[in-house]
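The next block holds one structure in the form of structure tokens; read it before the comments.
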Amino acid sequence: MVITSDDLAARLQRVEDQLAIAGLVSAYSFAMDNRDLDWALDLFTEDGRFRSADGVMDAVGPDAIAAQYRGRYAALGFNFHVTHDRTLAFDGPDAAQGLVSGHAELVRHGDTMVAAMRYHDRYRRCADGRWRFADRCLHFFYYLPVADYVEALKQRDRMRAYAAPHDAELPEGAWR
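First residue of the sequence shown? That's 1192 in our numbering, and the numbers climb one at a time after it.
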């Protein structure tokens, strides 16, 4: 098989795109932990959407996303987000989708909590050449007070961030 310079250029571009998207995913966690709203908003397309699978959060566009994050910041004290594994599939030269798993340690309304989540992402290369989130949907494995962690993992109602516990979306919701 003969590899042409065009082939190499395309492959190099794909690797650069993968690295740029990985950097985008990491930047999101840092922006959240720093409560840097300007940085966070710059990670989304102008028509970007951030939402949660349980329907509690759903915002489209920078103004709505900013308002949503301000509400989250008001409820949270210390928070520390860590991303883990990710998948990535390209839908074309300027569009991709992926899954990102992660954890968060945080204080919510004075309670020390832990959360495990999976982001379902759609990425788009913008006119300035940067990759950004076009859609980021947050699914939870659990969101628990640390004191409840050991026993709560055995139950389906592992979503305890809100007034009434409810079932977590994952992993049972993804089982086939």
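Note that CB positions come from ideal geometry on N, CA and C, so glycine has one too.
Worksheet item: What number of angstroms, rounded off, separates the C-alpha of His-1294 from the C-alpha of Ala-1307?
Response: Those two C-alpha atoms are separated by around 4 Å.
Worksheet item: Which first and last residues belong to the alpha helix (DSSP H) in which Val-1341 is found?
Response: Counting along the chain, the alpha helix (DSSP H) containing Val-1341 begins and ends at 1340-1343.
Fill in: Expected contact under 8 Å - CB spacing of Arg-1351 and Tyr-1334 to nearest Å
By a beta-carbon distance limit of 8 Å, Arg-1351 contacts Tyr-1334. Their separation comes to about 6 Å.
Discussion item. Could you tell me the alpha carbon to alpha carbon distance between Gln-1346 and Thr-1303, rounded to whole angstroms?
Written reply: When rounded, the distance between both Cα atoms is 19 Å.
Worksheet item: What's the C-alpha gap between Asp-1233 and Ala-1287?
Response: Going by C-alpha positions, Asp-1233 is about 18 Å away from Ala-1287.
Worksheet item: Could you give the residue range of the beta strand (DSSP E) that holds Arg-1202?
Response: In the DSSP annotation of this structure, Arg-1202 is not part of any beta strand (DSSP E); the continuous alpha helix (DSSP H) holding it starts and ends at 1196-1225.
Fill in: the stretch 1270-1284 contacting the stretch 1241-1261, beta-carbon criterion three pairs below 8 Å
The stretch 1270-1284 makes no contact with the stretch 1241-1261; the number of CB pairs closer than 8 Å stays below 3.
Item to complete: Would you mind sorting Trp-1322 into buried or exposed? The rule is 16 or more other CB atoms within 10 Å of its CB.
Response: Counting Cβ neighbours within 10 Å, Trp-1322 comes out buried, since at least 16 surround it.
Worksheet item: Can you list the alpha helix (DSSP H) stretches of 4 or more residues lying completely in the stretch 1228-1296, in chain order?
Response: Runs of the alpha helix (DSSP H) inside the stretch 1228-1296: 1228-1233, 1253-1266.
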